[in-house]
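> Dropping a structure here in structure tokens format, bear with me for questions.
Structural data, given as structure tokens:
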């Protein structure tokens with residue numbers, strides 16, 4: 328069994344955390360250089376042998392005008408057994424906070440089955456971890472000035488089969504880019520405060536990730552941005 332940071336002596340744990348803080352600070356101090364070089368690090372030759380789900384994300388990025396700033400990374404099969412810090416370092420994310428998870432949330436009390444009205448949709452693709460369903464409920468109600476009664480809201484994670492039907496992506500690879508359905512996207516406001524402002528997401532397959540500049544993602548997807556704290 329692999330040794331984790333928690334298994335180390337306290338002194339080594341502190342040294343490790345200090346090193347991580349120093350690395351995070353370097354990303355912030357050289358923020359502009361990091362962002363300027365970002366497009367140059369987007370090597371799309373890796374997509375040639377990529378699984379279909381990843382190519383679906385790539386096509387979605389191309390359609391949105393995001394491909395030139397999309398950084399695709401294939402990770403190891405045991406990636407999700409690693410600590411979050413190690414996973415973030417593997418994809419060259421500036422910090423653990425830059426690792427974002429997408430979830431398809433369902434309003435089980437919605438009065439319809441549609442998702443074409445983002446002000447009152449049955450489904451939303453959420454970028455926020457963990458999701459506070461009460462805060463999400465309050466935000467969703469505010470989209471239509473609370474015109475819909477609270478009794479018609481109850482959010483929970485959509486069943487895996489439903490998520491796959493809507494997105495075309497299996498668990499671990501769900502991505503808002505290239506979804507089969509036009510499910511409304513909600514991005515947690517805290518993601519906009521990431522420094523440098525980039526985010527790493529699932530990319531159509533459990534063994535693939537995609538890095539994107541946050542503002543480009545917002546501009547091209549026209550997603551909702553919500554304070555979900």
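Numbering (the working numbering), first residue to last: 328 to 556.
Glycine included, each C-beta is placed from N, C-alpha and C at the ideal position.
In whole angstroms, what is the alpha-carbon distance linking residue 519 and residue 552?
9 Å
> What residues in its chain sit with their C-beta under 7 Å from that of residue 425, if we drop five residues either side in the sequence?
Cβ neighbours of residue 425 beyond the five flanking positions: 415, 521, 525, 526, 527.
> Hey, would you say residue 451 sits closer than 8 Å to residue 510, going by beta carbons?
yes
> Helix, strand or coil for residue 507? Go by DSSP, reduced to three states.
Residue state, collapsed to three classes: coil.
> Using beta-carbon positions only, say whether residue 411 and residue 399 come within less than 8 Å of one another.
No, Cβ-Cβ distance for residue 411 and residue 399 is not below 8 Å.
> Under 8 Å between the Cβ atoms of residue 559 and residue 437?
No answer is possible for residue 559: the residues shown for the chain start at 328 and end at 556.
> Between residue 439 and the rest of its own chain, which residues show a CB-CB distance below 7 Å, the 5 nearest in sequence each way excluded?
Here the set comprises 449.
> For residue 343 versus residue 353, is the C-beta distance shorter than 8 Å?
Not in contact: residue 343 and residue 353 (Cβ atoms no closer than 8 Å).
> Here's the rule I'm using: 16 or more other beta-carbon atoms within 10 Å means buried, otherwise exposed. How should residue 346 be labelled?
By the 10 Å Cβ count, residue 346 comes out exposed.
> Please report the straight-line C-alpha distance between residue 445 and residue 428, rounded to a whole angstrom.
Residue 445 and residue 428 have their C-alpha atoms some 20 Å from each other.
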